[in-house]
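Asker:
Numbering (my numbering), first residue to last: 15 to 584.
#1: So what does residue 540 bridge to, in DSSP terms?
#2: In three-state DSSP terms, what is residue 566?
#3: For the stretch 329-341 and the stretch 384-403, state whether three or more C-beta atom pairs, one from each stretch, are separated by less than 8 Å.
#4: Identify the continuous alpha helix (DSSP H) that holds residue 379 and give its terminal residues.
#5: Compare the C-alpha of residue 483 against each of 149, 499 and 474 and name the closest.
#6: Just verifying my parser: in three-state terms, what is the DSSP assignment at residue 64?
#7: Closer than 8 Å to a non-hydrogen atom of the ligand MG - does that hold for the CB of residue 162?
#8: Identify the residues that DSSP records as bridge partners of residue 437: which are they?
#9: Residue 551 to residue 582, Cα distance in whole Å?
#10: Suppose you measure from the CA of residue 259 to the CA of residue 167; what does that come to, to the nearest Å?
#11: Quick check on residue 318: does DSSP put it in helix, strand or coil?
#12: Please state the DSSP three-state secondary structure of residue 272.
#13: Are residue 562 and residue 400 touching if we call contact CB-CB under 9 Å?
#14: Got a sec, what are the start and stop residues for the beta strand (DSSP E) residue 178 sits in?
#15: How about residue 394 and residue 426: do their beta carbons lie closer than 9 Å?
#16: From what residue to what residue does the alpha helix (DSSP H) around residue 387 run?
#17: Distance, Cα to Cα, residue 580 vs residue 569?
#18: Determine the DSSP secondary structure at residue 396, reduced to helix, strand or coil.
#19: Check whether the stretch 261-269 touches the stretch 297-313, taking contact to mean three or more Cβ pairs, one atom from each stretch, closer than 8 Å.
#20: Within 10 angstroms of the Cβ of residue 577, are there 16 or more other Cβ atoms? Answer buried if so, exposed if not.
#21: Suppose you measure from the CA of residue 343 to the CA of residue 559; what does that come to, to the nearest Å?
#22: Given this structure, state the Cα-to-Cα distance separating residue 231 from residue 272, to the nearest angstrom.
#23: Kindly indicate which three-state DSSP category residue 555 falls into: helix, strand or coil?
#24: Once you ignore the five residues that flank residue 422 on each side, which residues in its own chain have a CB closer than 6 Å to its CB?
#25: I need the straight-line Cα distance from residue 88 to residue 48, nearest angstrom please.
#26: Using the three-state DSSP reduction, which class does residue 508 fall into: helix, strand or coil?
#27: Looking at the C-beta of residue 169, does it have a partner C-beta in chain C at a distance below 9 Å?
#28: What are the start and end residues of the alpha helix (DSSP H) that includes residue 286?
#29: Taking 6 Å as the limit between beta carbons, can you name the residues of its chain near residue 278, skipping five residues before and five after?
#30: Which value, in whole angstroms, describes the spacing of the CA atoms of residue 345 and residue 504?
#31: Could you tell me which of 193, 234 and 289 sits nearest to residue 252, measuring between CA atoms?
#32: Since I believe residue 94 is in contact with residue 79 (beta carbons under 8 Å), could you give me their beta-carbon distance rounded to a whole number of angstroms?
#33: Buried or exposed for residue 536, going by 16 or more other Cβ atoms inside 10 Å?
#34: By the DSSP assignment, the beta strand (DSSP E) with residue 461 in it spans what residues?
#35: May I have the straight-line CA-CA distance separating residue 347 from residue 539, to the nearest angstrom?
If you want it as structure tokens, here you go:
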């Protein structure tokens with residue numbers, strides 16, 4: 015613990031030194047920035063205008079840019095900002111992601127592969143990148159969000175469209191008053207007009223969960239939601255992670271009260287024998303039921319799949335992977351190969367000689383075998399956890415597994431058609447050249463339409479997920495609505511589960527020539543979704559709008575329902 019605190023302090027000091035901007039350093043940064051604007055290569059400009067015998071950091075140029083634009087001396091220049099922005103890939107998917115962790119809390123699961131560190135939520139280690147930031151802020155949701163917004167802004171990333179990713183094990187296991195307080199504090203941080211680092215330690219906000227009812231906490235959250243609809247940092251997506259056996263109609267309604275739009279779940283395997291051996295605590299049937307409920311309620315669905323669990327072989331994993339597309343059909347997946355960690359129960363099983371981790375070559379070849387089969391409607395978010403290799407006792411220790419798989423697939427002459435591999439990213443978009451595709455598939459309980467605009471090179475510029483619930487789906491247990499979710503907003507409705515336009519995340523109101531985000535693609539996708547729903551005799555359309563996107567949909571004919579935005583298709 016002492017060593018971890020020391021590492022956090024060293025990291026904080028180094029970051030503070032790099033970010034400090036005395037007048038002399040700012041003057042150097044302005045000179046370097048002017049050189050870049052006149053055409054000098056960025057690296058050469060940073061080296062020429064050094065500070066303390068070291069090249070300037072990009073963040074100094076971003077600070078100089080923001081100062082010059084803020085004072086009115088320069089006009090905003092998105093092309094220049096794109097050159098000096100640090101790690102532009104972070105926001106190339108169209109939104110800026112802010113990750114926060116909930117406090118350590120008991121998990122209902124007893125999975126043998128999960129590490130258990132008393133300082134952290136179940137399954138997380140204190141030196142994973144996101145976890146380190148949470149530990150540094152003592153899991154305070156407000157300061158986690160504020161510090162991340164400040165850090166992203168300092169390196170040139172827009173922070174007006176935020177996907178909030180709440181990690182920390184099984185979110186559903188936490189008390190609901192804590193959940194509401196945690197989310198409300200995240201929204202309070204996004205609702206601030208500014209976020210200077212100097213104010214983080216002095217912000218006036220509750221440090222503990224309020225000692226009142228869940229209803230009262232939810233009321234405070236509703237107020238924060240309302241403010242966020244027009245805030246500078248609007249929430250365009252709220253993600254939580256939970257377990258399949260925690261998903262019920264009541265939980266779905268609560269998620270919508272919180273503003274959740276996307277749910278991550280670990281299914282890990284589609285083999286009941288493997289699930290039982292690893293003490294997962296749920297069955298394949300429960301995973302199917304949970305995914306069907308989430309889809310019926312309009313949520314985006316992210317599933318985790320784990321090769322190399324106890325009892326699995328490379329051959330059985332290769333046979334297991336295709337089962338993800340037999341009824342479940344997740345929108346996104348994370349492939350998390352099992353990692354042998356000393357503080358997980360699996361370690362003792364390995365010591366007895368009853369478990370063998372795959373080698374790196376076995377993993378690379380396995381993933382290269384299955385990746386080409388991933389449907390075009392799915393996005394592969396990750397291929398390995400961010401766990402530092404020093405924790406891995408035996409087996410693969412490479413964190414660059416995605417790149418290794420890409421190299422192997424290139425050698426074989428195969429390719430992957432998942433969304434991530436086809437995103438337009440920073441390319442120039444010519445709307446007239448785009449093709450509209452309608453990919454229809456049939457998961458449990460629905461007919462799905464994946465509408466996408468693609469370039470002649472087959473790059474995705476934008477997409478919409480439209481769900482048409484099956485007419486023969488079982489009714490809700492309450493009997494108050496035909497939807498299996500029991501949510502009245504969804505009665506007789508087709509559901510828009512996601513609208514996403516790709517390209518570098520741009521500030522609200524800003525434009526960039528040829529950028530997909532400002533080509534009207536979202537509106538065109540909505541019009542096409544309406545036509546499909548009408549053709550299938552749906553009388554209403556519902557959309558699972560994130561808080562910060564409500565105004566976008568209200569301007570396009572939707573009205574406020576109880577938990578969704580809805581409109582008539584008559």
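Glycine is no exception: its CB is placed at the ideal position from the N, C-alpha and C atoms.
Answerer: On the basis of the coordinates in this document:
#1: Taking the chain shown and counting its residues from 1, one reaches residue 540 at position 526. Residue 540 is bridged by DSSP to nothing; it lacks a bridge partner.
#2: Residue numbering aside, residue 566 sits at position 552 when the chain shown is read from its first letter. DSSP places residue 566 in helix when its eight states are reduced to three.
#3: Yes: at least three Cβ pairs fall under 8 Å.
#4: The residue you call residue 379 lines up with position 365 of the chain shown. Residue range 374-384 is occupied by the alpha helix (DSSP H) that includes residue 379.
#5: Looking up residue 483 in the chain shown gives position 469. Nearest C-alpha to residue 483: 499.
#6: Sequence index remark: in the chain shown, residue 64 carries index 50 (1-based). Residue 64 falls in the coil class under three-state DSSP.
#7: This structure does not include the ligand MG; it has no bound ligands of any sort.
#8: Here residue 437 corresponds to residue number 423 of the chain shown, with the count starting at 1. 474, per the DSSP bridge assignment.
#9: Indexing the chain shown from 1 puts residue 551 at position 537. Indexing the chain shown from 1 puts residue 582 at position 568. So the alpha carbons of these two residues sit roughly 12 Å apart.
#10: Looking up residue 259 in the chain shown gives position 245. Looking up residue 167 in the chain shown gives position 153. So the two alpha carbons sit approximately 39 Å from each other.
#11: If you number the chain shown from 1, residue 318 lands on position 304. Residue state, collapsed to three classes: strand.
#12: Sequence index remark: in the chain shown, residue 272 carries index 258 (1-based). Residue 272: helix per DSSP, three-state reduction.
#13: Position 548 of the chain shown holds residue 562. Position 386 of the chain shown holds residue 400. Going by C-beta atoms, residue 562 is not nearer than 9 Å to residue 400.
#14: For the purposes of this step, residue 178 is taken as the residue at position 164 of the chain shown. Per DSSP, residue 178 belongs to the beta strand (DSSP E) from 175-181.
#15: As a position in the chain shown, residue 394 is number 380, starting the count at 1. As a position in the chain shown, residue 426 is number 412, starting the count at 1. Not closer than 9 Å, so no.
#16: Here residue 387 refers to the residue found at position 373 of the chain shown. That residue, residue 387, is in no alpha helix (DSSP H); it is neither H nor E in DSSP.
#17: Position 566 of the chain shown, counted from the first residue, corresponds to residue 580. Position 555 of the chain shown, counted from the first residue, corresponds to residue 569. Roughly 12 Å between the two C-alpha positions.
#18: Working through the chain shown from its first residue, we reach residue 396 at position 382. Of the three classes helix, strand and coil, the one that applies to residue 396 here is strand, per DSSP.
#19: Verdict: yes, contact present.
#20: For the purposes of this step, residue 577 is taken as the residue at position 563 of the chain shown. By the neighbour-count rule (16 or more Cβ atoms within 10 Å), residue 577 is buried.
#21: Reading the chain shown from its first residue, position 329 is the one you call residue 343. Reading the chain shown from its first residue, position 545 is the one you call residue 559. Taking the straight line joining both Cα atoms gives about 21 Å.
#22: One-based indexing of the chain shown puts residue 231 at position 217. One-based indexing of the chain shown puts residue 272 at position 258. Put simply, the backbone Cα of residue 231 is about 10 Å away from that of residue 272.
#23: The residue given as residue 555 occupies position 541 in the chain shown. Reduced to three states, the DSSP call for residue 555 is strand.
#24: In the chain shown, the residue the question calls residue 422 occupies position 408. 378 and 382.
#25: Locating residue 88 in the chain shown gives position 74, counting from the first residue. Locating residue 48 in the chain shown gives position 34, counting from the first residue. Residue 48 has its alpha-carbon roughly 11 Å from the corresponding atom of residue 88.
#26: In the chain shown, residue 508 corresponds to position 494, counting from 1. Here residue 508 sits in strand by DSSP.
#27: Among the chains in the structure shown there is no chain C, since it carries only a single protein chain.
#28: Here residue 286 refers to the residue found at position 272 of the chain shown. Unbroken alpha helix (DSSP H) run through residue 286: 286-291.
#29: The count along the chain shown starts at 1 and reaches residue 278 at position 264. Scanning its chain for C-beta atoms nearer than 6 Å, with the 5 sequence neighbours on each side dropped, one finds around residue 278 the residues 255 and 316, in chain order.
#30: Here residue 345 is taken as the residue at index 331 of the chain shown, counted from 1. Here residue 504 is taken as the residue at index 490 of the chain shown, counted from 1. Residue 345 and residue 504 have their C-alpha atoms roughly 20 Å apart.
#31: Residue numbering aside, residue 252 sits at position 238 when the chain shown is read from its first letter. Nearest in C-alpha terms to residue 252, of all of 193, 234 and 289, is 193.
#32: Looking up residue 79 in the chain shown gives position 65. Looking up residue 94 in the chain shown gives position 80. Going by Cβ atoms, the distance from residue 79 to residue 94 rounds to 7 Å, so yes, they are a contact pair.
#33: In the chain shown, counting from the first residue as 1, residue 536 sits at position 522. Burial state of residue 536 is buried, judged by a 10 Å Cβ sphere holding 16 or more other Cβ atoms.
#34: Here residue 461 corresponds to residue number 447 of the chain shown, with the count starting at 1. For residue 461, the enclosing beta strand (DSSP E) starts and ends at 460-468.
#35: Locating residue 347 in the chain shown gives position 333, where the first residue counts as 1. Locating residue 539 in the chain shown gives position 525, where the first residue counts as 1. If you take the alpha carbons of residue 347 and residue 539, they lie about 24 Å apart.
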